[in-house]
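Taking it in order: structure first as structure tokens, then the write-up.
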Amino acid sequence: MANPLIIAVAQRKGGVGKTTLAVCLAGELDRRTGGVGLIDADSQASACQWAQPGNLSFPVYELDTDSRPIADWVQMVRRIPHEILVIDCAPNDRALGAVLAIADIVLLPCMPSGLDIEATARTLGIVRRVRGSRRLSLRALIVPNRVDRRTLEGVQLTEELETLGEELAPAIGSRSAFVRAFAAGKSVHDVARGSPADVEIRGLADIVVRSFNLTSKVAEPQRP
Ligand SMILES: Nc1ncnc2c1ncn2[C@@H]1O[C@H](COP(=O)(O)OP(=O)(O)OP(=O)(O)O)[C@@H](O)[C@H]1O
Ligand SMILES: [Mg+2]
Numbered sequence: 382m383a384n385p386l387i388i389a390v391a392q393r394k395g396g397v398g399k400t401t402l403a404v405c406l407a408g409e410l411d412r413r414t415g416g417v418g419l420i421d422a423d424s425q426a427s428a429c430q431w432a433q434p435g436n437l438s439f440p441v442y443e444l445d446t447d448s449r450p451i452a453d454w455v456q457m458v459r460r461i462p463h464e465i466l467v468i469d470c471a472p473n474d475r476a477l478g479a480v481l482a483i484a485d486i487v488l489l490p491c492m493p494s495g496l497d498i499e500a501t502a503r504t505l506g507i508v509r510r511v512r513g514s515r516r517l518s519l520r521a522l523i524v525p526n527r528v529d530r531r532t533l534e535g536v537q538l539t540e541e542l543e544t545l546g547e548e549l550a551p552a553i554g555s556r557s558a559f560v561r562a563f564a565a566g567k568s569v570h571d572v573a574r575g576s577p578a579d580v581e582i583r584g585l586a587d588i589v590v591r592s593f594n595l596t597s598k599v600a601e602p603q604r605p
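Put into structure tokens, the structure is as follows:
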């Protein structure tokens, strides 16, 4: 398929929610378009484990960036036939360079910790370097993750991320539904329809759908 939309979920630091957001966003976009494939580019293969019970509506491809030359990896990605590819990236600079070379948009999850904010700033440094060497544009969307917006910590995270000079998505809360979704091998919409986690993932999908004018098969109800 010519030129799929490529959505990378990436971050130099581990454990920030890349796999969680990649799988649940892929599930939501697939629900709307029916055209999503997810590439597990991390040799830890967490997204593949999520898919193991066979309950996800979209295919997950195990294609890590560690065990092959990057040029081969890019060629293999190019042969995967979907309208939308979501890539769950490994937390290292090599993987980051590979996915940023081909992504249309990169989502950068960031949890409320100084280490995560520092890692986000460094990751954005790499994003900006890649932008300088690319013909096509590369959007970046910082996604505050596991945030309690009512706490000072949550408010401070948003304020600090705003200073990084890139688009900021609405925060995703700390939600047990994501943990249950992984345990059930399902997307969060399928384990907890209408829950705050589901609503937050739908909000993230809305941003992607609007940004890239994706046509949706599912009419989304207007939310306040
Ligand atoms: N919004 C959230 N609410 C509750 N738990 C979350 C949330 N986001 C992630 N988690 C949990 O945090 C842990 C790390 O998440 P995840 O595996 O998605 O991170 P990652 O960035 O992919 O990690 P790695 O770099 O190791 O691949 C998991 O146990 C996951 O269930
Ligand atoms: Mg992961």
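Sequence positions in the sequence shown follow this note's numbering and run 382 to 605. Just so you know, even glycine gets a beta-carbon here, dropped at the ideal spot from N, CA and C.
Environment of Thr-596 [buried if 16+ CB atoms lie within 10 Å]
exposed
Considering Arg-561, what are the terminal residues of the alpha helix (DSSP H) in which it resides?
557-565
Looking at Ile-388 and Leu-536, is the spacing between their C-beta atoms short of 9 angstroms?
According to the sequence displayed, residue 536 carries Val and not Leu. No.
Taking the CB atoms as reference points, tell me whether Ala-573 and Arg-413 lie closer together than 9 angstroms.
no
Does the distance from the C-beta atom of Pro-577 to that of Ala-550 stay below 9 angstroms?
no
DSSP state of Ile-498 mapped onto helix, strand, coil
helix
Hey, would you say Leu-444 sits closer than 9 angstroms to Val-404, going by beta carbons?
no
Using only the heavy atoms of ligand 1, determine whether one of them is closer than 8 angstroms to the beta carbon of Arg-527.
yes
Could you give the residue range of the beta strand (DSSP E) that holds Asp-474?
From DSSP, Asp-474 is part of no beta strand (DSSP E) but of the alpha helix (DSSP H) over 474-483.
Which full runs of the beta strand (DSSP E) of 3+ residues lie inside the stretch 391-446, going along the chain?
For the stretch 391-446, whole beta strand (DSSP E) runs of length 3 or above, ordered along the chain, are 417-421 and 441-443.
Bridge partners - Arg-520, DSSP secondary structure assignment
Bridge pairing for Arg-520: Ile-486 [DSSP].
Between the Cα of Asp-453 and those of Ala-422, Gly-408, Gly-584 and Arg-591, spot the shortest distance and give me the residue it belongs to.
In terms of Cα proximity to Asp-453, the closest of Ala-422, Gly-408, Gly-584 and Arg-591 is Ala-422.
Would you call the stretch 471-491 and the stretch 390-397 touching, i.e. three or more CB-CB distances under 8 angstroms?
Result yes; three or more Cβ-Cβ pairs closer than 8 angstroms.
Heavy atom of ligand 1 less than 8 angstroms from the Cβ of Val-560, yes or no?
yes
Taking the beta strand (DSSP E) that Leu-466 belongs to, which residues open and close that run?
465-469
For ligand 2, residues whose Cβ lies under 5 angstroms from any non-hydrogen atom:
Lys-399, Thr-400 and Ser-427
Please name the residue or residues paired with Ala-389 in a DSSP beta bridge.
Ile-468 and Val-487
Assess, as a yes-or-no matter, whether the stretch 450-465 is touched by the stretch 428-436 under the definition of 3 or more beta carbon pairs within less than 8 angstroms.
no
Quick one, which of Glu-581, His-463 and Thr-446 has its alpha-carbon nearest Asn-384's?
The option with the nearest alpha carbon to Asn-384 is His-463.
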